[in-house]
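In this note's numbering, the protein residues as written are 196 to 613.
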């Protein structure tokens, strides 16, 4: 959420920050709701004080043998009021919960992805001496990618992989996970794939994006990314400053309803209800998160370089930056079958936005009071999209696929899928 004290101090600045997101001014409404909450909390404190006073008076009168019926009735009324206070939701909390994070000052203005800014590019798109195919054309021709079978089993936006392509997908995930755990300093973590509503709220999927989630009959949710359980490991915790940073990585399935994406990327594996992803999450001191953001993005870039892919780093503009992010770098890979750049990784600094929702704090070595942590997340990378990129980049004129050298040990020495 947002620091209400900062909003009180500079409502115009808060409105200007939301305007960069395309939102109309909200500070006047929020300050009015804040005033109502503060009045309610004052009444709660007065009720607590009166309850304590009544308890003393009732005790004194009982010791003297005096009648306490009226006082006890008042005490019962106060107890009911206080119980109602404990379960009360303030309207300002619901309103703040659906407002996006404040963007970093260096984020470029813009309305959508067309206004994103390319920061640098690694390599040039290859120019083969044959007409390149898209990944689904290659996979179906090899008999190793079956969309009809997946539709029979589960419906649209699923894929069945067989043989060497199934092994290549597994190899990509295992290699990336091992790379981040052994060379990039992330702790390999196995997480639940089902989480509760509080966990989804902590990383901002709830309440605003519930339609994008799959919900089970017992009220839990399938994770849309391992970012959700990994980040929530520090929920309701106060961690010592000396223990930071925390760096976690996990290979997990991700489940997304793809609400609102009808008609987009309907062919192939680009936009699926279920896919695997290697996720990176960092938890840092506030003053370290900007440097950690750069570090995390370089970890993802190394994956793409070692796979022999052509990629570029893009900073997202104000209109394209995600709800919980203060700043996001997208890594885009060149897909020669499509003849287009497509996003394969997103690395975001959320500053203290998620930590406030999770009540995740740091106990400083020096000074008084606890401060909210900073959280970051990034794809390291999406396994399905890495599979697509490897297939389209390393396809051969005869329709076979050369396996990147770094994956040979994970493929039992296989260097070509034919």
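Glycine residues also receive a C-beta, built at the ideal position from the N, C-alpha and C atoms.
Can you find the residues in the same chain that come closer than 7 Å, C-beta to C-beta, to residue i, ignoring five residues on each side of it along the sequence?
{"i": "residue 450", "result": "409, 417, 418, 419, 468, 469"}
{"i": "residue 263", "result": "253, 256, 257"}
{"i": "residue 352", "result": "453, 466, 467, 468"}
{"i": "residue 299", "result": "521, 522"}
{"i": "residue 136", "result": "Past the edges of the chain, shown from 196 to 613, lies residue 136, and the structure says nothing about it."}
{"i": "residue 215", "result": "298, 304, 513"}
{"i": "residue 269", "result": "249"}
Do residue j and residue i come within 8 Å of each other at the CB atom, strictly closer than that value?
{"i": "residue 435", "j": "residue 558", "result": "yes"}
{"i": "residue 236", "j": "residue 273", "result": "no"}
{"i": "residue 463", "j": "residue 330", "result": "yes"}
{"i": "residue 371", "j": "residue 478", "result": "no"}
{"i": "residue 402", "j": "residue 485", "result": "no"}
{"i": "residue 507", "j": "residue 317", "result": "yes"}
{"i": "residue 573", "j": "residue 595", "result": "no"}
{"i": "residue 582", "j": "residue 598", "result": "no"}
{"i": "residue 203", "j": "residue 287", "result": "no"}
{"i": "residue 489", "j": "residue 571", "result": "no"}
{"i": "residue 592", "j": "residue 325", "result": "yes"}
Going by DSSP, what residues sit across from residue i in a beta bridge?
{"i": "residue 569", "result": "479"}
{"i": "residue 312", "result": "510"}
{"i": "residue 469", "result": "450"}
{"i": "residue 341", "result": "355"}
{"i": "residue 369", "result": "Answer is none; residue 369 lacks a bridge partner."}
{"i": "residue 525", "result": "509, 541"}
{"i": "residue 442", "result": "477"}
{"i": "residue 383", "result": "444"}
Drop a sphere of 10 angstroms on the beta-carbon of residue i, count the other beta-carbons inside from all chains shown, and report buried for 16 or more, exposed for fewer.
{"i": "residue 259", "result": "exposed"}
{"i": "residue 244", "result": "exposed"}
{"i": "residue 400", "result": "buried"}
{"i": "residue 296", "result": "buried"}
{"i": "residue 382", "result": "exposed"}
{"i": "residue 515", "result": "buried"}
{"i": "residue 391", "result": "exposed"}
{"i": "residue 603", "result": "exposed"}
{"i": "residue 527", "result": "buried"}
{"i": "residue 229", "result": "buried"}
Excluding the 5 residues preceding and the 5 following residue i in the sequence, name in chain order all residues of the same chain whose CB lies nearer than 8 Å to its CB.
{"i": "residue 452", "result": "406, 407, 408, 409, 468"}
{"i": "residue 587", "result": "327, 328, 329, 330, 333, 530, 531, 532, 533"}
Next on the checklist: Does the stretch 346-364 come into contact with the stretch 493-508, if we say contact requires no fewer than three beta-carbon pairs (one atom in each stretch) closer than 8 Å?
Outcome noted: no
Checklist entry - Taking three-plus beta-carbon pairs below 8 Å as touching, is the stretch 524-532 in contact with the stretch 545-552? => result no
Item to check | Contact the stretch 366-380 vs the stretch 342-357: 3+ CB pairs below 8 Å | outcome: no
Checklist entry - Between the stretch 196-208 and the stretch 223-235, do three or more beta carbon pairs fall short of 8 Å? => result yes
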